[in-house]
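End of the sequence shown = 202 in our numbering, gap-free, step of one. Just so you know, even glycine gets a beta-carbon here, dropped at the ideal spot from N, CA and C. Since this is a predicted model, take the numbers as computed values, not measurements.
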Amino acid sequence: LEIGCGAAQCARWLVTQGARVAAFDISHRQLRHSHRIDLDTGLRVPVAQADAEALPFADDAFDVACSAYGALPFVADPLAVFREVRRVLRPGGRFVFSVSHPVRWAFPDDPGPRGLTSDRSYFDRSPYVERDDDGTPTYVEHHRTMGDWVTLLAESGLTIAGLLEPEWPQGHERVWGGWSPLRGRHLPGTAIFTCVSPQAP
2 LEIGCGAAQC
12 ARWLVTQGAR
22 VAAFDISHRQ
32 LRHSHRIDLD
42 TGLRVPVAQA
52 DAEALPFADD
62 AFDVACSAYG
72 ALPFVADPLA
82 VFREVRRVLR
92 PGGRFVFSVS
102 HPVRWAFPDD
112 PGPRGLTSDR
122 SYFDRSPYVE
132 RDDDGTPTYV
142 EHHRTMGDWV
152 TLLAESGLTI
162 AGLLEPEWPQ
172 GHERVWGGWS
182 PLRGRHLPGT
192 AIFTCVSPQA
202 P
């Protein structure tokens, strides 16, 4: 199960590896894009429009759930998502998800030297909000500390089996948005959690 799949790029790759997948996103626009990719590639990925806080799937339905920067930073109640993931995973099932590394929030999104100097508190959990000309929020991303993520997972009943903080790839010189070799050598960009659903009693 891919959670917050966007255009289902991860699910699409999993299909090529022999997995049977389902994917969902709350954005109808993203799912239309997924359908266009289906038509372009001839590889159909089953997608649904759904809310990560109320999954439309049966209990114990999946062996694995994953999310690559999807859903979790954008919901107000990630605990509800984790509880839903636990519900739909079979006992002993795995959940792997990535989020922007929490430490990033304390630094400006600048690929140069300015991006190495903290300009806000790591503990400031104010969300990042973009608004249209009328003041209506069009993009909201929530900040949670590493401790917040660990606590939420523990409260959900999922067990953390691993945490990966990938290092900047050696020899990779590309600048992308606020990321560069300079920043990448000093700050982690991503946190990847591997979690396990409890075994049946």
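Strand pairing of residue i, partner residues [DSSP]
i	result
Asp135	Asp135 pairs with nothing; no bridge assigned.
Val130	Val141
Gln50	Asp26
Cys6	DSSP, once it has assigned bridges, lists no residue as partnering Cys6.
Val176	DSSP output for Val176 lists no bridge partner at all.
Gly163	Thr195
Ala66	Phe96
Leu90	Phe63
Beta-carbon proximity of residue i to residue j, cut-off 8 Å
i	j	result
Trp180	Pro112	yes
Arg132	Arg145	no
Ser99	Tyr70	yes
Gly116	Phe124	no
Thr160	Val197	yes
Pro199	Glu142	no
Arg105	Leu188	yes
Distance, residue j Cα to residue i Cα
i	j	result
Ala162	Met147	15 Å
Glu85	Asp78	11 Å
Leu214	Phe83	With the chain running from 2 to 202 in the structure shown, residue 214 is simply not present.
Asp39	Arg45	5 Å
Tyr140	Val130	6 Å
Asp120	Gly178	18 Å
Gly158	Val97	15 Å
Pro103	Leu153	14 Å
Arg37	Ala51	19 Å
Phe58	Thr118	44 Å
Leu183	Trp169	9 Å
Ala201	Cys67	21 Å
Ser122	Pro167	23 Å
Presumed contact (8 Å Cβ cut-off) between residue i and residue j, rounded CB distance
i	j	result
Gly5	Ala53	6 Å
Gly190	Ser101	7 Å
6 Å Cβ shell around residue i - same chain, five flanking residues per side excluded
i	result
Ser35	Ala8, Ala9 and Val48
Cβ-based neighbour list, residue i, same chain, cut-off 8 Å, excluding 5 preceding and 5 following
i	result
Phe63	Leu2, Ala23, Val89, Leu90, Arg91 and Gly94
Residues near residue i in its chain [Cβ-Cβ closer than 7 Å; skip 5 each side]
i	result
Leu56	Glu85 and Val89
Asp60	Arg88 and Val89
Glu156	Leu80
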